[in-house]
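Written out as structure tokens, the structure reads:
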């Protein structure tokens with residue numbers, strides 16, 4: 001009987017050790033299935049704060065990237081619209097230079113081109129007017145004010161409904177990119193004045209010559225606008241690339257802190273299994289010794 005009491009403590013010690021090994025084995029099984037050190041931050045210990053901070057930083061980076069991509073789409077749309085305006089003006093300039101076109105045809109063509117250019121200047125993307133500055137809910141060009149204008153010079157042409165605010169977007173904690181152009185740009189104004197002059201019936205030689213000169217200047221100016229938009233696009237693409245690189249690095253850091261080495265986990269599970277088998281075997285021997293001592 002004394003022998004059974006003496007072996008009880010050893011048996012309990014071995015059982016407790018086996019239970020601790022089972023807990024570790026269960027944790028290793030979860031780690032192997034999920035690839036994570038723990039299912040919650042508590043299981044990460046001292047690393048938890050770093051992981052939380054990195055994940056918050058990742059969220060901010062993705063927001064910056066999304067904002068830069070949105071701005072990039074707007075710039076691309078503006079670039080294409082300006083390109084179409086240049087095409088319209090170039091085509092009409094060639095029409096003006098033709099000596100075989102009648103005054104009525106010039107006037108009709110000018111009106112059609114005016115409507116086309118105004119529509120392009122009132123381009124929208126996702127419900128925003130792109131050439132209106134910060135007045136994104138307002139069409140920047142009022143064609144009625146052009147067609148019914150009594151202005152005697154382009155400077156008096158009162159068509160612009162937007163504001164002079166430069167559009168900008170934050171692409172990082174320390175960097176803001178300004179982009180775009182407004183419809184009151186001098187080159188747009190020259191184009192509208194040239195088209196409206198002919199559309200309103202001023203088709204004499206002097207008016208045509210002046211319109212050709214204005215269109216030449218407008219086309220050159222709008223080519224410069226396109227160059228500026230191209231530079232805006234490059235800055236935004238660079239910002240997107242920078243955030244993507246940052247996210248890749250941050251993902252690796254988070255993985256190093258929160259993910260497990262599957263090979264190591266597999267080796268640990270094998271060791272735990274061997275330890276359990278040894279513990280149960282020892283418990284079995286103690287039980288057999290206790291029984292033999294009792295029977296003797």
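Numbering (UniProt numbering), first residue to last: 1 to 296.
No residue lacks a Cβ here, since even glycine has one placed at the ideal position from N, Cα and C.
Under the three-state DSSP convention, the category residue i falls into
i           : result
residue 202 : coil
residue 298 : Since the first and last residues shown for the chain are 1 and 296, residue 298 lies out of range.
Residue i: first and last residue of the uninterrupted alpha helix (DSSP H) it sits in
i           : result
residue 184 : Per DSSP, residue 184 belongs to no alpha helix (DSSP H) and is neither H nor E.
residue 100 : No alpha helix (DSSP H) holds residue 100; DSSP gives it neither H nor E.
Proximal residues to residue i (C-beta, below 6 angstroms), its chain only, five neighbours per side dropped
i           : result
residue 253 : 54
residue 103 : 203
residue 64  : 171, 172, 243
residue 166 : 178
residue 151 : 157
residue 239 : 68, 171
residue 110 : 195, 198, 199
residue 134 : 163, 165
residue 208 : 96
residue 136 : 128, 129
Residues near residue i by beta carbon distance below 7 angstroms, same chain, minus five either side
i           : result
residue 107 : 198, 199, 201, 203
residue 193 : 154, 157, 214
residue 113 : 88, 92, 195
Own chain, CB closer than 8 angstroms to residue i, minus 5 neighbours either side, in chain order
i           : result
residue 169 : 67, 68, 70, 71, 176, 177, 179, 236
residue 5   : Low per-residue confidence applies at residue 5: pLDDT is 49, beneath 50, and the placement is therefore not dependable, though the value from the model is reported in the following sentence. Contacts found: none.
residue 301 : An answer regarding residue 301 cannot be provided, because it is not within the stretch 1 to 296 covered by the chain.
residue 123 : 77, 78, 81, 129, 130, 131
residue 190 : 154, 214, 215, 217, 218, 221
residue 139 : 122, 129, 132, 161
residue 115 : 143
residue 125 : 73, 74, 77
residue 292 : Reliability of the predicted coordinates at residue 292 is poor, the pLDDT of 49 falling under 50, and the value obtained from them is presented with this limitation in mind. Counting only Cβ-Cβ distances below 8 angstroms, and skipping sequence neighbours, we find nothing.
**OP:** Go through the stretch 111-174 residue by residue and report every complete run of the alpha helix (DSSP H) that reaches 4 residues or more, in order.
**Re:** 143-147
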